[in-house]
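Q:
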Amino acid sequence: MTAVTNSEIPQHIAIIMDGNNRWATARGLPAKSGHRYGAETARDIVNSCISRNIKYLTLFAFSSENWMRPSDEVRGLMALFLSVLKRKEINQLHKKNVRLCFIGNRKSFSQKLQTNMQEVEQLTRNNTGTTVIVAADYGGRWDIANAARNIAKKVESGEITSESIDSELVQQHTSISQYPDPDLCIRTGGEHRISNFLLWQFAYTEFYFSDCYWPDFNDDNFQLALDEFASRQRRFGGHEDKSDQDE
6 MTAVTNSEIP QHIAIIMDGN NRWATARGLP AKSGHRYGAE TARDIVNSCI
56 SRNIKYLTLF AFSSENWMRP SDEVRGLMAL FLSVLKRKEI NQLHKKNVRL
106 CFIGNRKSFS QKLQTNMQEV EQLTRNNTGT TVIVAADYGG RWDIANAARN
156 IAKKVESGEI TSESIDSELV QQHTSISQYP DPDLCIRTGG EHRISNFLLW
206 QFAYTEFYFS DCYWPDFNDD NFQLALDEFA SRQRRFGGHE DKSDQDE
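One rule links them: number in this note's numbering = place in the sequence shown (from 1) + 5.
Listed below in structure tokens is the structure:
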């Protein structure tokens, strides 16, 4: 398959990293092992983005629904999250000019974890390479509701009028308003659904579904997704070309 050229590389990729538990179960390992190997895959894919000059990468690390998982698994995820934020990999990413930021309802996490998130954001805030956006305790419905709540407060205070509310204003109040919407969303694990991720931002996003469990997803699999994206023609609701129009 032909490799993607620079002009065909998506500017913003979002990834639903699915299949950690099933990967671990298939190998007779505890769930935490799947998440640990999944974290290593995330690191590798960040490097894949860096090498291809992909500007933005959003990783769905922990959804608002994940709190409903078994308490032992949630505790293990929080411990892994905390350890990742303290690892030398953060400094290595910083040296590679990567900017890291977090979206989601971070108030639900421990104060220690919130502090570590802030420290990582502060450390990398001036970096101009690939921006890695980590969605943690994030849900697309939460994002839209949060935007609506903040807009309602501005209407109530008289800062704006209800007549001024449009899609652009809502966009400005979403979690990743400062970044372009994802061009491509990759979901691993064989499932074909959005799972409450970036519902507002996915209006014109292209989707690529891989049967590969996330811990097994590698640079070759990533390249397949990019090649598939390059083969598509994005129309954003319009016609492909004049020959497609009704005569």
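Ideal Cβ placement from N, Cα and C applies to all residues, glycine included.
Assuming E188 and I21 form a contact by the criterion Cβ under 8 Å, report the distance between their Cβ atoms to the nearest whole angstrom.
A: Taking the sequence shown and counting its residues from 1, one reaches residue 188 at position 183. Taking the sequence shown and counting its residues from 1, one reaches residue 21 at position 16. The sequence given here has Asp at residue 188, not Glu. About 15 Å separates the two Cβ atoms, so there is no contact after all.
Q: Please identify the residue among I199, R239, R192 whose C-alpha is closest to the C-alpha of L229.
A: On the sequence shown, position 224 is the one that residue 229 refers to. Measuring from the Cα of L229, the nearest candidate turns out to be R192.
Q: So what does L189 bridge to, in DSSP terms?
A: Sequence index remark: in the sequence shown, residue 189 carries index 184 (1-based). Looking at the DSSP assignment, L189 forms a beta bridge with I18, E211.
Q: Given a cut-off of 8 Å on the beta-carbon distance, is the pair L105 and V89 in contact?
A: The residue given as residue 105 occupies position 100 in the sequence shown. The residue given as residue 89 occupies position 84 in the sequence shown. Cβ distance not < 8 Å, so L105 and V89 don't count as in contact.
Q: So, using beta-carbon positions, are S200 and D148 closer together than 8 Å?
A: Residue mapping note: residue 200 aligns to position 195 of the sequence shown, counting from 1. Residue mapping note: residue 148 aligns to position 143 of the sequence shown, counting from 1. For S200 and D148, no; Cβs fall outside 8 Å.
Q: Mind checking which residues open and close the beta strand (DSSP E) that includes L64?
A: In the sequence shown, residue 64 corresponds to position 59, counting from 1. Segment 61–68, the beta strand (DSSP E) holding L64.
Q: Helix, strand or coil, according to DSSP, for T135 in the structure here?
A: For the purposes of this step, residue 135 is taken as residue 130 along the sequence shown, with counting starting at 1. Coil at T135, not helix or strand.
Q: Kindly indicate which three-state DSSP category Y143 falls into: helix, strand or coil?
A: Translated into the one-based positions of the sequence shown, residue 143 becomes position 138. DSSP places Y143 in strand when its eight states are reduced to three.
Q: Measuring straight from C-alpha to C-alpha, what distance separates R240 and L34?
A: Numbered from 1 along the sequence shown, position 235 holds the residue referred to as residue 240. Numbered from 1 along the sequence shown, position 29 holds the residue referred to as residue 34. Approximately 44 Å between the Cα atoms of the pair.
Q: Could you check what DSSP says for I55 in three-state terms: helix, strand or coil?
A: For the purposes of this step, residue 55 is identified with residue 50 of the sequence shown, where counting begins at 1. Note: I55 maps to helix in three-state DSSP.
Q: Could you tell me whether the Cβ atoms of W28 and W219 are closer together than 8 Å?
A: Reading the sequence shown from its first residue, position 23 is the one you call residue 28. Reading the sequence shown from its first residue, position 214 is the one you call residue 219. Yes; because the gap between Cβ atoms is below 8 Å, this pair is in contact.
Q: Below 6 Å CB to CB, which residues in the same chain sit around Y42 once its five sequence neighbours on both sides are set aside?
A: Residue mapping note: residue 42 aligns to position 37 of the sequence shown, counting from 1. Answer for Y42: P220, listed in chain order.
Q: Take F67 as the anchor and find which of Y61, I50, N25, N58 has the nearest alpha-carbon.
A: Translated into positions along the sequence shown, residue 67 becomes position 62. Residue N25 is the option with its Cα nearest to F67.
Q: Taking three-plus beta-carbon pairs below 8 Å as touching, is the stretch 52–68 in contact with the stretch 131–141?
A: These segments touch.
Q: With DSSP run on the structure shown, which of helix, strand or coil describes L34?
A: Counting from one through the sequence shown, the residue named residue 34 turns up at place 29. Reduced to three states, the DSSP call for L34 is coil.
Q: If you check the beta carbons only, do E196 and D23 fall under 8 Å apart?
A: Position 191 of the sequence shown, counted from the start, is the residue given in the question as residue 196. Position 18 of the sequence shown, counted from the start, is the residue given in the question as residue 23. Cβ atoms of E196 and D23: closer than 8 Å.
Q: At which residues does the beta strand (DSSP E) containing I108 begin and terminate?
A: In the sequence shown, residue 108 corresponds to position 103, counting from 1. Run containing I108: 104–108, per the beta strand (DSSP E) assignment.
Q: With a cut-off of 8 Å on the beta carbons, I'd call L87 and K112 a contact; round off their distance for me.
A: Here residue 87 refers to the residue found at position 82 when the sequence shown is read from its first residue. Here residue 112 refers to the residue found at position 107 when the sequence shown is read from its first residue. 16 Å between Cβ atoms; not a contact.
Q: Which residues in the same chain as F107 place their Cβ atom closer than 6 Å to its Cβ, once the five residues preceding and following it in sequence are excluded?
A: What you label residue 107 is simply residue 102 of the sequence shown in a count that begins at 1. Closer than 6 Å at Cβ, skipping near neighbours: M122, V139, A141.
Q: Shortest alpha-carbon distance to A208 belongs to which of G145, S76, D49?
A: As a first step, residue 208 must be located in the sequence shown, where it is residue number 203. For A208, the nearest C-alpha among the options comes from G145.
Q: Please state if the CB of L98 and the CB of H40 are separated by a distance shorter than 8 Å.
A: Mapped onto the sequence shown, residue 40 falls at position 35. Mapped onto the sequence shown, residue 98 falls at position 93. Their beta carbons are not under 8 Å apart, which means H40 does not touch L98 by this criterion.
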